[in-house]
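Asker: This note's numbering puts the sequence shown at residues 8 to 452.
Just so it is clear, CB atoms sit at the ideal spot from N, CA and C, and this is done for glycine as well.
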Amino acid sequence: MNKDKWSRREFLGTSAVAAGASLAPKSFFTLPRAVPPSDRVRFGMIGVGMQGHGLLGESITLPGVECAAACDLYDGRHTLAREIVRPDLPVTRRYQELLDNKDIDCIVAAVPDHWHKQVVVDAVSAGKDIYCEKPMSHSPADGVAMVEAGKRTGRIIQIGSQRVSSQICAKAKELISQGTLGDLMLVEGWLGRNDPNGAWEYPPPPDLSPKNLDWDTWQGTVPKRAFDPNIFARWRCWKEYGTGVAGDLLVHLVSGMMFMVGVNAPPKQASAVGGIRRWKDGRNMPDVHAVVYDYDGLPVYMRLNLGTEMPETYRIQGSKGILEVTGSSLSFTPQSGKDQYPSYYTGSYPRALRDAYLAKWHQENDPKTGQPVAMPETMSFTGPDFDDVRPHLWTYFEAVRTRKPVTEDVVFGHNAALACHMANESYFRKTSVSWDEASKTIRGS
Numbered sequence: 008m009n010k011d012k013w014s015r016r017e018f019l020g021t022s023a024v025a026a027g028a029s030l031a032p033k034s035f036f037t038l039p040r041a042v043p044p045s046d047r048v049r050f051g052m053i054g055v056g057m058q059g060h061g062l063l064g065e066s067i068t069l070p071g072v073e074c075a076a077a078c079d080l081y082d083g084r085h086t087l088a089r090e091i092v093r094p095d096l097p098v099t100r101r102y103q104e105l106l107d108n109k110d111i112d113c114i115v116a117a118v119p120d121h122w123h124k125q126v127v128v129d130a131v132s133a134g135k136d137i138y139c140e141k142p143m144s145h146s147p148a149d150g151v152a153m154v155e156a157g158k159r160t161g162r163i164i165q166i167g168s169q170r171v172s173s174q175i176c177a178k179a180k181e182l183i184s185q186g187t188l189g190d191l192m193l194v195e196g197w198l199g200r201n202d203p204n205g206a207w208e209y210p211p212p213p214d215l216s217p218k219n220l221d222w223d224t225w226q227g228t229v230p231k232r233a234f235d236p237n238i239f240a241r242w243r244c245w246k247e248y249g250t251g252v253a254g255d256l257l258v259h260l261v262s263g264m265m266f267m268v269g270v271n272a273p274p275k276q277a278s279a280v281g282g283i284r285r286w287k288d289g290r291n292m293p294d295v296h297a298v299v300y301d302y303d304g305l306p307v308y309m310r311l312n313l314g315t316e317m318p319e320t321y322r323i324q325g326s327k328g329i330l331e332v333t334g335s336s337l338s339f340t341p342q343s344g345k346d347q348y349p350s351y352y353t354g355s356y357p358r359a360l361r362d363a364y365l366a367k368w369h370q371e372n373d374p375k376t377g378q379p380v381a382m383p384e385t386m387s388f389t390g391p392d393f394d395d396v397r398p399h400l401w402t403y404f405e406a407v408r409t410r411k412p413v414t415e416d417v418v419f420g421h422n423a424a425l426a427c428h429m430a431n432e433s434y435f436r437k438t439s440v441s442w443d444e445a446s447k448t449i450r451g452s
C-alpha cells in the first residue's frame, strides 16, 4: 500500500483520482475585520463556570460582539466575569434581569443540564435569541418543550455541540456526500479520558458557601439536598443534574456523526452497556458507556471510557473504503470491493473444474501487458488543532444579526440529545430502547 501524507493545501485543494472524489476547497470560516456599530450585537451571559467563562472570553473577541451583563448564582463568578470583560460589567444572580434588559439582544447560556429547558424557554418567551450549551436537554420531555418554544416564538436557538462547525468534519461530510465511501456500512466513534479532571473530579472553589451561592435556586426543581460543594462542581456525575458521559461526551460524537453522514433524526433503537468501573466516588452515572444505535438501518457504535485515554475518533466504513476522522486529521483508505485472488472455495472442485476456473479468473482479472497495476492509496491530512468553538459562536451571532439559519438549531440539538437520553435509558433499564415519535417518549423493548 502506498501511503502519502498530503499537505493542507494539497488535501483541501487537489482532486483525488484514487478516491474518485473532488477535494476542491470551499470557503468555510472567515471573520470580517470590522463590523459597523449599527450591527453590534450585545449579549447577556448566563453561567460563568468552567464552560461559560470560556464562551464569554471567546465571544467578546469576535468583531461587533459585546457582553452587556452576566449572571451566575455563585458570587465568585461575578468577579470572574468582570475580570474577563471589564470592571464595571453589570452582574446578577437573577437571569431574569438579563431577559428584561432591552439593551441585550441575545443570550449565551452555559448552565447545568437540569436548568437548560427553563432558561431556554424563558429566554425565547422574552424575545431573546439564545445559544445553549450541549446537551440541549436534561430529558426528552425538556427537549420537546424547548422545540415547541422555539417554533412558537420564532427565536433563534443554537446548541453548543461544536463538531458541526469543524472544518475537518465539513471535509468528511463533503467526501461522504460525493459518494467517495460508497454505501455506508457502519459508523464507529470513541473517546476516552484517564485522569480526575477528565472524570469531572473538579475542585470546588475554596470559598464556596451558602452565603455566596444561591444553593436552593441552583438545585432547581429536583429533590432538595443539603449544601454540597462537590455536587456544585461535579454535577455531571449525578443524573439529577447532569446526563453523564452521554450528555457531556457522547453528544459530540453523535452530533458530529449526524452532521457528516447527513442525518437529522433520533435513532430508531439503542442498546447500551456500561458501569461505574473506575471512579467510585458516589456518582450514579456510568464512567464506561458503550451504545449501539440503529439509524434507519445504519449501525452506529459509540463508546466512552473515563478509565482509558483515547483521542476522539470516528471510523466511517463504506463499501469503497474507510474514512477515519479526528479533531485535527482525516484519512481515507480506499477499497476496491473486488477479489484480489481466485476464490479458495474452488479448492473443493475436482482438478479439471478448478483449472478451468483459475484460467478464466486470471484471464479476466490479471493486469494486461503494459497495464499499470492499480494500488490502493491512503489519502491523509494532519494539521493543527482547529478551534470549532469560535466559528460556532460566530455563526450564532451572525444569525442574530441577519436572521439566517444557524448550524445547529433546536431540532438538530433535540435529535442529538435524544440519542444520549436513549443511551442512558438503555443503561439504567438494562434493555434496548426505542423512540416513539407519537407519544414523544422513550420505550423499552
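(1) Within this structure, are the beta carbons of Cys78 and Ile53 separated by less than 7 Å?
(2) From this set, Thr414, Pro379 and Pro341, which residue's C-alpha is nearest Thr187's C-alpha?
(3) Three or more C-beta pairs under 8 Å: does that hold for the segment 243-259 against the segment 293-304?
(4) Starting from Glu208, follow the beta strand (DSSP E) in both directions and report where the run begins and ends.
(5) Kindly list the residues whose CB is nearer than 7 Å to the CB of Pro211, restricted to its own chain and excluding five residues on each side of it in sequence; keep chain order.
(6) Going by DSSP, what residue range makes up the beta strand (DSSP E) through Ala277?
(7) For the alpha helix (DSSP H) that contains Glu125, what are its first and last residues?
(8) For Val229, count neighbouring C-beta atoms within 10 Å of its own C-beta (all shown protein chains included) and say buried if the count is 16 or more, exposed if not.
(9) Taking CB distances under 7 Å as the criterion, tell me whether Val440 reaches chain D.
(10) List the endpoints of the continuous beta strand (DSSP E) containing Ile166.
(11) I'd like the list of long-range same chain contacts for Thr448, defined as Cβ closer than 7 Å, with 5 residues on each side in sequence excluded.
(12) Quick check on Tyr102: does DSSP put it in helix, strand or coil?
(13) By alpha-carbon positions, which one of Pro119, Leu400 and Ala130 ends up nearest to Val171?
(14) DSSP state of Arg47, grouped into three classes?
(15) Using DSSP bridges, identify the partner residues of Thr320.
(16) My guess is that Ser453 and Thr389 are in contact by the Cβ rule of under 8 Å, so how many angstroms apart are they, rounded?
(17) Using a threshold of 7 Å, state whether the C-beta atoms of Asp301 and Lys327 are closer than that.
(18) Below 7 Å between beta carbons: does that hold for Ser433 and Ser278?
(19) Three or more beta-carbon pairs under 8 Å between the segment 194-209 and the segment 86-100, yes or no?
(20) Would you decide whether Thr224 is buried or exposed? Buried here means 16 or more other CB atoms lie within 10 Å of its CB.
(21) Look up Gly451 in the DSSP assignment and give the residues it is bridged to.
(22) To the nearest angstrom, how far is it from the Cα of Gly263 to the Cα of Leu63?
(23) Could you give the distance in angstroms between the alpha-carbon of Trp368 and the alpha-carbon of Asp362?
(24) Go through its chain and collect everything with a Cβ distance to His60's Cβ below 7 Å, but skip five positions before and after it.
(25) With distance defined between alpha-carbon atoms, name the residue in Ser338, Gln347 and Leu105 nearest to Glu371.
(26) With the cut-off set at 7 Å, would you say Ala430 and Ser144 are in Cβ contact?
(27) Enumerate in chain order the residues of its own chain whose CB-to-CB distance from Gly420 is below 6 Å, with the five nearest sequence positions on each side excluded.
(28) If you pair each beta-carbon of the segment 205-222 with each one of the segment 170-184, do three or more pairs fall below 8 Å?
(29) Ala117: buried (16+ other C-beta within 10 angstroms of its C-beta) or exposed?
(30) Along the chain, where does the beta strand (DSSP E) that runs through Asn312 open and close?
Answerer: According to the structure data:
(1) For the purposes of this step, residue 78 is taken as the residue at position 71 of the sequence shown. For the purposes of this step, residue 53 is taken as the residue at position 46 of the sequence shown. In this structure, Ile53 lies closer than 7 Å to Cys78 by Cβ.
(2) Looking up residue 187 in the sequence shown gives position 180. Nearest in C-alpha terms to Thr187, of all of Thr414, Pro379 and Pro341, is Pro341.
(3) Yes, since at least three Cβ pairs between the segment 243-259 and the segment 293-304 fall closer than 8 Å, the two stretches touch.
(4) Position 201 of the sequence shown, counting from 1, holds the residue named residue 208. Run containing Glu208: none; DSSP gives neither H nor E here.
(5) Along the sequence shown, read from residue 1 onward, the residue named residue 211 stands at position 204. Setting aside the 5 residues that flank it on each side, Pro211 is surrounded in the same chain by Pro236, Asn237, Phe239 and Ala240, each with a C-beta closer than 7 Å to its C-beta; the list follows chain order.
(6) Taking the sequence shown and counting its residues from 1, the one referred to as residue 277 is at position 270. Where Ala277 is concerned, the enclosing beta strand (DSSP E) stretches over Gln276 to Gly282.
(7) Here the question's residue 125 lines up with position 118 in the sequence shown. With the sequence shown as reference, residue 125 is identified as Gln, and Glu is not the correct amino acid for it. Segment His123 to Ser132, the alpha helix (DSSP H) holding Gln125.
(8) Against the sequence shown, residue 229 aligns to sequence position 222. Exposed, because fewer than 16 other Cβ atoms sit within 10 Å of the Cβ of Val229.
(9) You won't find chain D in this structure, because it holds only one protein chain.
(10) On the sequence shown, residue 166 is found 159 positions in, with the first residue counted as 1. Taken as a continuous stretch (DSSP letters only), the beta strand (DSSP E) holding Ile166 covers Ile164 to Gly167.
(11) If you number the sequence shown from 1, residue 448 lands on position 441. Pro147.
(12) Counting from 1 along the sequence shown, the entry for residue 102 is found at position 95. Coil at Tyr102, not helix or strand.
(13) Here the question's residue 171 lines up with position 164 in the sequence shown. Looking at the Cα atoms, Leu400 is the closest of the given residues.
(14) Here the question's residue 47 lines up with position 40 in the sequence shown. Note: Arg47 maps to coil in three-state DSSP.
(15) Here residue 320 corresponds to residue number 313 of the sequence shown, with the count starting at 1. Paired residues: Trp197 and Thr333.
(16) Since the first residue shown for the chain is 8 and the last is 452, residue 453 is missing from the structure and cannot be characterised.
(17) Start at 1 with the first residue of the sequence shown, and residue 301 comes out as number 294. Start at 1 with the first residue of the sequence shown, and residue 327 comes out as number 320. Result no, Cβ atoms of Asp301 and Lys327 do not sit closer than 7 Å.
(18) Stepping through the sequence shown from its first residue, residue 433 is reached at position 426. Stepping through the sequence shown from its first residue, residue 278 is reached at position 271. Annotated as proximal: Ser433 and Ser278, with beta-carbon spacing under 7 Å.
(19) Under the three-pair Cβ rule at 8 Å, the segment 194-209 does not count as touching the segment 86-100.
(20) Looking up residue 224 in the sequence shown gives position 217. Exposed, because fewer than 16 other Cβ atoms sit within 10 Å of the Cβ of Thr224.
(21) What you label residue 451 is simply residue 444 of the sequence shown in a count that begins at 1. Answer by DSSP bridge pairing, in chain order: Val440.
(22) Here residue 263 corresponds to residue number 256 of the sequence shown, with the count starting at 1. Here residue 63 corresponds to residue number 56 of the sequence shown, with the count starting at 1. Cα to Cα, the separation comes out at about 24 Å.
(23) Residue numbering aside, residue 368 sits at position 361 when the sequence shown is read from its first letter. Residue numbering aside, residue 362 sits at position 355 when the sequence shown is read from its first letter. Within the model, the alpha-carbon separation for Trp368 versus Asp362 is close to 10 Å.
(24) Taking the first residue of the sequence shown as position 1, residue 60 is located at position 53. In the same chain as His60, and ignoring 5 residues on each side of it, the C-beta atoms closer than 7 Å to its own belong to Leu87 and Ile91, in chain order.
(25) Mapped onto the sequence shown, residue 371 falls at position 364. When only C-alpha atoms are compared, the closest one is Gln347.
(26) Here residue 430 refers to the residue found at position 423 when the sequence shown is read from its first residue. Here residue 144 refers to the residue found at position 137 when the sequence shown is read from its first residue. A distance of 7 Å or more separates the beta carbons of Ala430 and Ser144.
(27) Working through the sequence shown from its first residue, we reach residue 420 at position 413. Answer for Gly420: Met143 and Ile166, listed in chain order.
(28) Touching, no.
(29) On the sequence shown, position 110 is the one that residue 117 refers to. With 16 or more other Cβ atoms within 10 Å, it is buried.
(30) Locating residue 312 in the sequence shown gives position 305, counting from the first residue. Residues Leu305 to Asn312.
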